[in-house]
Every structure is written in C-alpha cells, then in structure tokens.
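Student: Just passing along the structure, written as structure tokens.
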Amino acid sequence: MGVWNRVNMPKESCLAFCSLWEDHLHSNHFRKSTSSIIHLVAVFPLLMLASLLTPSVTPVTAKPHNILVDTDVDTDDFFAILYLLKQNRSEINLKAITINANSWADAGHAVNQLYDILYMMDRDDIAVGVGGEGGILQDGTMLPNVGGYLPLIEQDLSTVGGCRYRQAIPPGLGGQLDVDTNFGIRKAFLPQGNRGYSPLGQPTAQEVIIQTLSSGPATVIIIGAHTNFAIFLTTHPHLKKNVEHIYVMGGGVRSKNPTGCCPENSRPVCRIGQCGDHGNLFTGYTSNPYAEFNIFLDPFSAYQDGYTKEVTGPHSARVLVAKRAKPNRDPASLLDREFFNDFLHVLSAPQQSGRFNLTTQFPYYKEVLYMPNFGNNIRGKAVVFDMDMSIGDFVALIYLLKVPVNVIEIKGILVSCNGWANAATIDVIYDLLHMMGRDDIPVGLGSFFALGQENALLSTVGDCKYRKAIPYGSGGFLDSDTLFGLSRMLPRSPRRYTAENSVKFGAPRDTDHPELRQPIALEVWESIAKTLDPGQKVTILTNGPLTNIAKILAAGQNATSIIETVYIVGGYTNEANTRSGGNVFTFPSNKDAEFNIFLDPLGAKAVIESILDVVLIPLNIQRKVSSFNHILKNLKVEKTPEAKFVHRLLSRLYHLQRKHKSYHHMGMFLGEVLGAAIMVADPVLKADMDVARLTVLANGDLSTDGQIRVDKQGSLIRIVSTLDEFAYYGHLANLLGRKNQSAVIGSFREQKRIWTTPNTGRNW
Numbered sequence: 089m090g091v092w093n094r095v096n097m098p099k100e101s102c103l104a105f106c107s108l109w110e111d112h113l114h115s116n117h118f119r120k121s122t123s124s125i126i127h128l129v130a131v132f133p134l135l136m137l138a139s140l141l142t143p144s145v146t147p148v149t150a151k152p153h154n155i156l157v158d159t160d161v162d163t164d165d166f167f168a169i170l171y172l173l174k175q176n177r178s179e180i181n182l183k184a185i186t187i188n189a190n191s192w193a194d195a196g197h198a199v200n201q202l203y204d205i206l207y208m209m210d211r212d213d214i215a216v217g218v219g220g221e222g223g224i225l226q227d228g229t230m231l232p233n234v235g236g237y238l239p240l241i242e243q244d245l246s247t248v249g250g251c252r253y254r255q256a257i258p259p260g261l262g263g264q265l266d267v268d269t270n271f272g273i274r275k276a277f278l279p280q281g282n283r284g285y286s287p288l289g290q291p292t293a294q295e296v297i298i299q300t301l302s303s304g305p306a307t308v309i310i311i312g313a314h315t316n317f318a319i320f321l322t323t324h325p326h327l328k329k330n331v332e333h334i335y336v337m338g339g340g341v342r343s344k345n346p347t348g349c350c351p352e353n354s355r356p357v358c359r360i361g362q363c364g365d366h367g368n369l370f371t372g373y374t375s376n377p378y379a380e381f382n383i384f385l386d387p388f389s390a391y392q393d394g395y396t397k398e399v400t401g402p403h404s405a406r407v408l409v410a411k412r413a414k415p416n417r418d419p420a421s422l423l424d425r426e427f428f429n430d431f432l433h434v435l436s437a438p439q440q441s442g443r444f445n446l447t448t449q450f451p452y453y454k455e456v457l458y459m460p461n462f463g464n465n466i467r468g469k470a471v472v473f474d475m476d477m478s479i480g481d482f483v484a485l486i487y488l489l490k491v492p493v494n495v496i497e498i499k500g501i502l503v504s505c506n507g508w509a510n511a512a513t514i515d516v517i518y519d520l521l522h523m524m525g526r527d528d529i530p531v532g533l534g535s536f537f538a539l540g541q542e543n544a545l546l547s548t549v550g551d552c553k554y555r556k557a558i559p560y561g562s563g564g565f566l567d568s569d570t571l572f573g574l575s576r577m578l579p580r581s582p583r584r585y586t587a588e589n590s591v592k593f594g595a596p597r598d599t600d601h602p603e604l605r606q607p608i609a610l611e612v613w614e615s616i617a618k619t620l621d622p623g624q625k626v627t628i629l630t631n632g633p634l635t636n637i638a639k640i641l642a643a644g645q646n647a648t649s650i651i652e653t654v655y656i657v658g659g660y661t662n663e664a665n666t667r668s669g670g671n672v673f674t675f676p677s678n679k680d681a682e683f684n685i686f687l688d689p690l691g692a693k694a695v696i697e698s699i700l701d702v703v704l705i706p707l708n709i710q711r712k713v714s715s716f717n718h719i720l721k722n723l724k725v726e727k728t729p730e731a732k733f734v735h736r737l738l739s740r741l742y743h744l745q746r747k748h749k750s751y752h753h754m755g756m757f758l759g760e761v762l763g764a765a766i767m768v769a770d771p772v773l774k775a776d777m778d779v780a781r782l783t784v785l786a787n788g789d790l791s792t793d794g795q796i797r798v799d800k801q802g803s804l805i806r807i808v809s810t811l812d813e814f815a816y817y818g819h820l821a822n823l824l825g826r827k828n829q830s831a832v833i834g835s836f837r838e839q840k841r842i843w844t845t846p847n848t849g850r851n852w
C-alpha cells in the first residue's frame with residue numbers, strides 16, 4: 089500500500105526512530121489532520137500486519153503484538169487509535185497510551201477525551217499516562233517522571249516554561265481549541281465513563297511507558313512530538329531491548345521548496361510558494377519551509393529545528409521511509425488513496441465495535457435547556473462577568489448565580505483565554521450554567537493573547553511571554569482545565585463549544601448547524617448593549633486578565649458611556665503594612681505583581697488608566713479571606729447541590745495544598761470570590777475603600793510588568809481596604825446554602841438517572 093525508500097539519517101536526528109513520511113496532500117491549515125491519518129492507516133497495515141505478522145494466517149497460539157501509542161491526541165490520532173482498537177486482539181493488542189503534552193492538545197482535555205473513547209470501545213483496561221512533575225537538573229540529570237510538557241531543551245525543574253516551538257500551534261480556531269474539543273463533537277457524541285483525570289492520582293507518561301515495556305516486548309508508535317519516548321530512552325536504556333519496533337509519524341524527508349510553483353493539475357487550494365514536498369509548518373512556512381510539526385515541536389533529536397536531514401557515513405542511521413501512499417485503483421472513487429478503503433473497511437467491521445455513544449447509551453436520553461422563570465420580578469444591576477476560568481472564578485460564578493435576581497441580573501459571561509485555563513474549558517462554564525438552570529446566559533469566547541502578544545503577520549499565533557508563568561502541570565493548566573478532576577461531576581449541558589460555522593461567519597463552507605457557532609466576546613458584549621433600556625448601564629466584574637475589557641474599549645462604539653463601574657479582582661498595592669508581595673510565584677524576580685494584572689499588563693493599563701469608574705479588589709484584601717479552614721467550616725452545614733460541590737472542590741484544593749509542593753499556591757484562588765461579594769455590596773461585610781491615583785507598569789520588563797504604583801499623574805481608583813472577614817465567610821456559606829435559585833440538576837449522576845428512567849409526567 090506504500091512506496092518505500094531506505095535512506096541514511098543522522099543518528100542524533102532520529103534517536104533510532106523509524107521516520108515515516110509521504111507527500112502532503114494539501115497546504116492551508118488542515119496541515120496535519122489528514123496527513124497523520126494517512127501516516128498510520130496507510131503504513132500500519134503494511135508494517136504491522138505484513139512485516140510483523142507471518143505471511144500466512146497467524147496461529148491461534150501465537151502471542152499478540154503488544155502496542156504502545158504515544159500521541160498528541162490530535163483529532164486524526166483518534167482515528168488511528170480507533171483503527172488499532174478494531175484489530176483482532178489475538179494479533180494486535182493496544183496495551184497503553186501516553187499523551188504528548190507539548191503539542192496539539194492540552195493535557196487535561198486530552199486525557200479525559202481518551203478515557204471516554206476507550207470507555208465507548210469497552211477498553212477501560214488500557215492504561216493512559218500524561219504529564220509528571222519531575223524535571224531536569226542543570227547538569228542534565230533527569231529526575232523521575234519528567235513531565236514532558238516542554239521540549240527537552242526547555243525542561244527545567246518544574247512544568248513552567250516558554251513556548252518557543254509550541255507557539256507555532258494556534259491556540260484557537262484550527263488549533264488547540266478545536267483539538268481539545270474534537271471540533272465540538274466530543275461532548276455531543278462520546279459517552280462518559282468512570283475513569284477521569286484526578287490530581288496526584290493520574291498515571292504519568294513515564295510510569296506507563298516503563299510499566300508497559302517492563303512487562304515484555306512491545307511495538308511503539310509515536311504520532312506526536314518525541315518528548316516522552318526520548319526521556320524514556322535516556323533514563324531507562326536497559327529496557328530498550330523490549331522495544332520490538334518504533335514507528336514515527338512525522339519528519340520532512342527530502343522536502344523541497346519549489347518557490348512560486350503550482351502543478352498544472354493542482355487543486356484550487358494550492359497556494360503560490362506552497363506546493364510540492366514542502367513541510368507542514370504553515371504558521372512558519374516562510375522562515376521554515378521544510379519542517380514537519382511532530383519533529384519541529386521537540387527538535388532536540390532533529391537538526392535545524394525540525395528538518396529531518398538525510399546524510400551518509402558512520403554517524404547516520406539506516407531507516408525505512410514511506411515515500412507516498414498508493415492512489416486508489418478505482419478512478420471513480422472520491423477517495424484518492426487506496427488505504428482509505430482499508431481504513432473504512434476496518435472501522436465498518438462489526439468486530440470490536442463501540443458499545444454506544446452518548447445518545448444511545450441511555451434509553452431515555454433527551455437534551456433539555458433550562459430557562460429561568462423570574463416572572464415579573466424587578467431586575468437588579470445589569471452585570472457582565474469576565475473570567476479566565478480559574479477555580480476561584482467558578483466559585484465566584486456560582487455565587488453570582490445565587491444572588492437574588494432583583495439584586496443583580498447576569499447579562500452575559502466573557503471568557504479570557506489567556507489566563508489560568510485553556511479555551512476549551514468554556515464547556516465547563518456551559519455545564520455549570522446548565523446545573524444552575526441558566527442556559528439563557530450567553531457566553532462569549534474572548535482573547536487568546538495578551539495585548540501585543542499576537543503575531544503581527546499571523547494573528548492566530550503568538551507569544552506566551554506572560555502566560556508562560558502558569559504551570560502546565562499540577563496546580564496549573566492540567567488541573568484548571570479539569571476543575572481539579574471534578575468537572576465531570578457536573579451535569580452535561582446541551583450547549584458546548586462548537587466549530588460549526590457558515591460562510592457568513594468566515595467558514596470555508598456552510599455547515600449543518602451554523603446556529604451552534606460559538607459567539608466571541610465582542611459579539612456578546614454588543615448584543616447586551618443593544619438590549620439595554622434607555623439610560624441603563626452595565627457593571628463589569630473581571631476575575632482574570634483585562635484583555636477583553638481593553639478590546640471593548642478600543643472598539644469604541646461608546647463603550648464607556650454604558651459602563652457604570654468595573655470591579656477588578658487583581659493587583660497588589662505596595663503598602664508598608666502589607667509587605668507580603670505579589671503572587672507571581674513562578675517569576676520570583678517580580679516581587680510585587682499579581683497574576684491577573686501580570687498576564688496582560690498592557691490590557692490592565694488600558695482599563696485602569698481609562699476614564700472608567702474602577703474599583704480594585706487587590707491581593708492585599710483578598711488574602712484576608714483566604715482561609716480554607718474558615719470557608720470549609722462554614723460550608724459544611726449547607727446542603728444545596730451547589731454548596732456541596734463548592735465544599736468538595738475547595739476541600740480538594742486544601743488537601744492538595746498540604747500534600748504536594750506543586751499546590752502550595754492554592755490559597756490564592758479563594759480570594760477571587762471576594763470581588764463578587766464586594767460588587768453585591770452586602771452591608772454585613774462592612775467593606776471600606778480608600779482612593780488613590782494609580783498607574784500600571786507595562787514596559788516589557790518581566791521583573792516589573794504588572795506592578796501597580798501610586799502616581800500623582802495616575803487615574804483615581806477606589807481600592808477596597810478593609811472588611812469583616814468572618815462576616816464574609818458566613819455570608820458566602822449562607823448564600824450558597826439558600827434554596828432560592830438553587831441547582832435545577834445537581835450532577836451528572838443525577839442526569840444519568842433521569843436518562844435511564846421512564847418519563848412519568850416529568851416536567852421537562
């Protein structure tokens with residue numbers, strides 16, 4: 089099914105890996121989805137079923153070929169995994185999957201997505217490994233369980249690091265957002281099993297690789313960057329004897345750069361300067377036309393930033409390279425490669441079929457949108473909540489949903505995608521709103537980069553100058569994206585992020601459900617502005633970077649005239665009696681910055697130094713209400729589903745904080761709820777404010793950016809300075825414990841009971 093060449097390549101370049109490559113089928117940004125499917129389903133039947141198995145029918149007594157897949161969990165990789173799961177297990181046995189966490193998917197979303205697909209295929213026996221908290225010493229010594237969140241040359245003693253290579257992947261549309269959600273299909277299709285990510289309970293990638301290869305010979309298939317397996321080869325060379333074969337999907341062997349050409353019979357998608365056997369690094373094609381993503385993303389073992397160089401001599405390694413896939417023998421077929429027929433045949437076979445999808449798993453499954461009925465109640469202050477989806481933000485959202493509607497009316501939620509969680513975590517917001525019966529609240533997807541961090545030539549990619557301060561692993565993105573492992577407790581909302589779109593909104597074609605298109609933050613804001621009564625204004629509560637608000641102000645359209653007050657949860661004011669410093673613990677050189685301001689200092693400067701009425705809830709006052717003991721003690725007696733959920737969530741954070749150094753900063757999330765309480769202005773809090781003129785430092789210096797200074801030339805800002813913290817603890821618990829505006833459906837477990845019970849007059 090393929091045409092092959094043997095070539096010599098540098099040993100250092102391939103680490104003894106067999107590099108598979110073929111002609112790219114298309115340019116544009118669908119650079120990998122199809123090509124990696126081709127890599128596996130075109131080459132795998134030939135290599136695995138022909139080379140590894142005997143030419144005749146395999147005897148029943150023969151041992152199966154055990155397989156370990158290391159994947160970046162891109163959508164095409166799911167097809168590859170499904171193909172493997174459909175094989176006869178007496179011949180091909182997929183034993184383990186490890187996640188490459190510095191590539192196309194974010195670790196928290198990737199691991200749960202894999203668990204769900206394995207559950208669907210009745211393969212909960214397959215081990216899944218991701219991440220790890222180990223590091224690499226200055227002398228090159230690798231500590232146990234190196235996380236693999238960063239390329240080898242960028243690994244340090246933690247999971248914090250830059251994005252020198254990963255910045256080539258768009259974090260939004262066509263990139264990580266779509267991969268994390270499987271283009272919005274995951275929540276609508278995949279069932280949800282009992283396995284899921286759990287902090288400090290998740291097997292790491294190195295543990296799974298070591299366990300798999302310690303138990304006997306196995307074949308390794310790498311369909312992402314090489315980080316995980318390169319670490320394994322370095323730390324456990326004695327286990328290399330159990331590696332039967334290594335197949336790598338990637339590399340740009342004999343790539344060419346035929347500048348300015350398009351073949352006469354090329355498709356319309358061919359672009360001048362991007363045809364022939366070029367690489368697929370579409371975001372950096374001009375400067376690096378030869379690289380392929382899987383090699384580029386961790387080029388330690390490949391020279392010249394991902395260009396797989398062909399050489400001769402004693403320092404080369406002889407490998408087998410796939411040159412091209414055979415064309416379909418049926419010229420009338422829409423499928424242009426022969427291997428597609430085999431792929432579809434295998435997936436269509438009844439053997440080893442999936443048990444069910446979400447909608448067929450339950451006999452009484454039904455999608456329901458819960459809309460509140462507030463009747464003729466007087467509506468309170470119109471509020472827009474801007475959040476970056478940290479743990480504190482989700483607790484603050486539950487708080488806001490519990491405040492009586494005659495006090496505040498939540499008009500919409502804006503999501504900052506350059507803070508403590510990745511964009512796909514927007515699905516958790518939808519689930520929480522569904523739980524609380526508020527499917528009416530619009531949610532807008534906001535900015536992916538801090539101001540000034542977008543690539544000037546290609547806005548879909550950019551730098552992580554500030555966001556790199558957030559850990560990728562425990563206590564950082566891995567936990568935020570999964571709500572510390574508890575997001576799967578929430579009921580499953582029919583609303584979700586989706587890539588469905590139409591030509592009207594910039595898609596290349598019309599889709600079946602353009603009405604499901606995910607609105608962006610500015611669209612939600614504009615929609616809210618149009619629904620305001622004459623003279624009515626909006627109050628904004630911001631619990632993350634101020635990027636979205638800064639962009640709203642920059643867009644004009646009289647935004648300042650309809651904004652009453654902006655409550656900013658963030659900043660650290662350098663007062664002599666509170667010299668505890670900021671909380672950007674990963675940049676110790678910056679002693680006085682607070683994360684929400686630091687993550688976009690230019691955005692913060694634009695908002696704080698504007699003409700808006702601004703109330704600052706600084707880190708100083710947040711720390712006064714950051715006692716786990718007091719919050720948990722007060723919440724313990726409350727019985728509503730939302731109070732129980734918050735208690736369980738905060739109990740987990742408290743337990744982790746005491747157990748592992750990666751969670752030492754958990755207390756900083758508790759104070760993020762305070763902004764909502766200050767905005768509600770319950771007199772029991774006895775909150776008081778000072779007034780000062782402030783400026784924000786945003787000079788591009790990481791040691792000072794995000795710091796707030798008192799300046800006679802600065803803007804006049806109200807700063808919360810005192811409150812009764814014990815009254816606050818009681819206020820928070822009492823509000824969450826009220827029966828009014830309580831959860832409509834308390835959990836996914838309750839939802840499953842509904843879907844398995846006949847509808848006997850239930851009011852949907």
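89 is the number of the first residue of the sequence shown in the working numbering; add one for each residue after it.
Note that beta-carbon positions come from the ideal geometry of N, C-alpha and C, so glycine has one too.
Are the Cβ atoms of residue 785 and residue 795 separated by less than 8 Å?
Tutor: Within the sequence shown, residue 785 is the residue found at index 697, counting from 1. Within the sequence shown, residue 795 is the residue found at index 707, counting from 1. Yes.
Student: Which residues in the same chain have their Cβ closer than 7 Å to the Cβ of residue 846, if we skip the five residues on either side of it in sequence?
Tutor: On the sequence shown, residue 846 is found 758 positions in, with the first residue counted as 1. Hits under 7 Å: 452.
Student: Going by the DSSP bridge assignment, what does residue 415 pair with across the sheet?
Tutor: Residue 415 sits at position 327 when you count from the first residue of the sequence shown. Bridge partners of residue 415 according to DSSP: 425.
Student: Does the Cβ-Cβ distance between residue 160 and residue 191 come in under 8 Å?
Tutor: To locate residue 160, count along the sequence shown from 1; it is residue 72. To locate residue 191, count along the sequence shown from 1; it is residue 103. Yes; because the gap between Cβ atoms is below 8 Å, this pair is in contact.
Student: May I ask you to report which of helix, strand or coil DSSP gives residue 158?
Tutor: Counted from its first residue, the sequence shown places residue 158 at position 70. Three-state result, residue 158: strand.
Student: Which one or two residues does DSSP pair with residue 481 in a beta bridge?
Tutor: Looking up residue 481 in the sequence shown gives position 393. Paired residue(s): none; residue 481 is not in a bridge.
Student: Quick check: the stretch 483-496 against the stretch 538-558, are at least 3 beta-carbon pairs closer than 8 Å?
Tutor: no
Student: Report yes if the CB atom of residue 253 is closer than 8 Å to the CB atom of residue 189, and no otherwise.
Tutor: The sequence position of residue 253 within the sequence shown is 165, counting from 1. The sequence position of residue 189 within the sequence shown is 101, counting from 1. Between residue 253 and residue 189, the C-beta gap is not smaller than 8 Å, which leaves the two residues out of contact.
Student: Residues bridged to residue 806 by DSSP?
Tutor: Your numbering for residue 806 matches position 718 in the sequence shown. In the DSSP output, where bridge partners are listed per residue, residue 806 has 703, 779.
Student: So if DSSP puts residue 263 in a beta bridge, which residue, or which two residues, is it bridged to?
Tutor: For this step, residue 263 is matched to residue 175 along the sequence shown. Looking at the DSSP output, residue 263 sits in no beta bridge, so it has no partner there.
Student: Would the beta-carbon of residue 154 fall within 8 Å of that of residue 305?
Tutor: For the purposes of this step, residue 154 is taken as the residue at position 66 of the sequence shown. For the purposes of this step, residue 305 is taken as the residue at position 217 of the sequence shown. Yes.
Student: In whole angstroms, give me the CA-to-CA distance for residue 639 and residue 414.
Tutor: Numbered from its first residue, the sequence shown carries residue 639 at position 551. Numbered from its first residue, the sequence shown carries residue 414 at position 326. Rounded to the nearest angstrom, the two C-alpha atoms are 50 Å apart.
Student: Hey, which unbroken runs of the alpha helix (DSSP H) at 4 residues or more fall wholly within the stretch 159-233?
Tutor: 163-173, 195-208
Student: If residue 562 and residue 750 are in contact, beta carbons under 8 Å, what's the gap, nearest whole angstrom?
Tutor: The residue given as residue 562 occupies position 474 in the sequence shown. The residue given as residue 750 occupies position 662 in the sequence shown. The beta-carbon separation of residue 562 and residue 750, rounded to 4 Å, stays under the 8 Å limit for a contact.
Student: For residue 913 and residue 674, what's the separation of their Cα atoms in angstroms?
Tutor: Any question about residue 913 goes unanswered here, given that the chain covers just 89 to 852.
Student: May I ask you to report which of helix, strand or coil DSSP gives residue 337?
Tutor: Working through the sequence shown from its first residue, we reach residue 337 at position 249. Here residue 337 carries a strand assignment [DSSP, helix/strand/coil].
Student: Between which two residues does the beta strand (DSSP E) containing residue 630 stretch?
Tutor: Sequence index remark: in the sequence shown, residue 630 carries index 542 (1-based). Per DSSP, residue 630 belongs to the beta strand (DSSP E) from 626-630.
Student: Who pairs with residue 721 in a beta bridge, going by DSSP?
Tutor: Within the sequence shown, the letter at position 633 stands for residue 721. Partner(s): none; residue 721 has no beta bridge.
Student: Could you tell me which uninterrupted beta strand (DSSP E) segments, each at least 3 residues in length, are contained entirely in the stretch 741-766, listed from first to last along the chain?
Tutor: none
Student: Between residue 434 and the ligand SAM, is the CB less than 7 Å from at least one heavy atom?
Tutor: Within the structure as shown, the ligand SAM is missing, as the structure has no ligands at all.
Student: For residue 288, which option in 425, 233, 678 has the closest C-alpha, if you only look at C-alpha atoms?
Tutor: Translated into the one-based positions of the sequence shown, residue 288 becomes position 200. Per the Cα distances, 233.
Student: Give me the Cα-Cα distance between residue 141 and residue 408, rounded to the nearest whole angstrom.
Tutor: Stepping through the sequence shown from its first residue, residue 141 is reached at position 53. Stepping through the sequence shown from its first residue, residue 408 is reached at position 320. With a pLDDT of 35 at residue 141, under the threshold of 50, the predicted position of this residue should be treated as unreliable, and no value is reported.
Student: Out of curiosity, what's the CA-to-CA distance linking residue 310 and residue 221?
Tutor: Mapped onto the sequence shown, residue 310 falls at position 222. Mapped onto the sequence shown, residue 221 falls at position 133. Distance between the alpha carbons of residue 310 and residue 221 is about 22 Å.
Student: Just the C-alpha distance for residue 196 and residue 818, rounded to the nearest angstrom, thanks.
Tutor: Within the sequence shown, numbered from 1, the residue matching residue 196 stands at position 108. Within the sequence shown, numbered from 1, the residue matching residue 818 stands at position 730. Each residue's alpha carbon lies about 33 Å from the other.
Student: So for residue 408, helix, strand or coil by DSSP?
Tutor: Mapped onto the sequence shown, residue 408 falls at position 320. Reduced to three states, the DSSP call for residue 408 is strand.
Student: Between the beta-carbon of residue 655 and the beta-carbon of residue 628, is there less than 8 Å?
Tutor: Here residue 655 is taken as the residue at index 567 of the sequence shown, counted from 1. Here residue 628 is taken as the residue at index 540 of the sequence shown, counted from 1. Result yes, Cβ atoms of residue 655 and residue 628 sit closer than 8 Å.
Student: Are the stretch 823-834 and the stretch 514-526 touching by the rule of at least three beta carbon pairs closer than 8 Å?
Tutor: The stretch 823-834 vs the stretch 514-526: in contact.
Student: Three or more beta-carbon pairs under 8 Å between the stretch 532-550 and the stretch 238-248, yes or no?
Tutor: no
Student: For residue 745, collect the residues of the same chain with a Cβ closer than 6 Å to its Cβ; drop the 5 residues on either side in sequence, then sort them by chain order.
Tutor: Position 657 of the sequence shown, counted from the first residue, corresponds to residue 745. Answer for residue 745: 751, 754, listed in chain order.
Student: For residue 131, is the classification buried or exposed, using 16 other Cβ atoms within 10 angstroms of its Cβ as the cut-off for buried?
Tutor: Position 43 of the sequence shown, counted from the first residue, corresponds to residue 131. Confidence at residue 131 is low in this model, with a pLDDT of 36, below 50, so its placement is unreliable and no value can be given for it.
Student: Among all the DSSP beta bridges, which residues are the ones paired with residue 655?
Tutor: Position 567 of the sequence shown, counted from the first residue, corresponds to residue 655. Answer is 629, 703, bridged to residue 655.
Student: For residue 474, which of helix, strand or coil comes out of DSSP?
Tutor: Against the sequence shown, residue 474 aligns to sequence position 386. Of the three classes helix, strand and coil, the one that applies to residue 474 here is strand, per DSSP.
Student: Taking the beta strand (DSSP E) that residue 497 falls in, what are its first and last residues?
Tutor: The residue given as residue 497 occupies position 409 in the sequence shown. First-last of the beta strand (DSSP E) with residue 497: 496-503.
Student: Would you mind giving the Cβ-Cβ distance between residue 824 and residue 713, rounded to the nearest angstrom? I have them listed as a contact below 8 Å.
Tutor: In the sequence shown, counting from the first residue as 1, residue 824 sits at position 736. In the sequence shown, counting from the first residue as 1, residue 713 sits at position 625. That belief does not hold up - the Cβ atoms of residue 824 and residue 713 are roughly 15 Å apart, past 8 Å.
Student: Taking only three categories from DSSP, how would you classify residue 297?
Tutor: In the sequence shown, residue 297 corresponds to position 209, counting from 1. It is helical.
Student: Would you list the one or two residues that DSSP bridges to residue 797?
Tutor: Taking the first residue of the sequence shown as position 1, residue 797 is located at position 709. BP columns for residue 797 point to 783.
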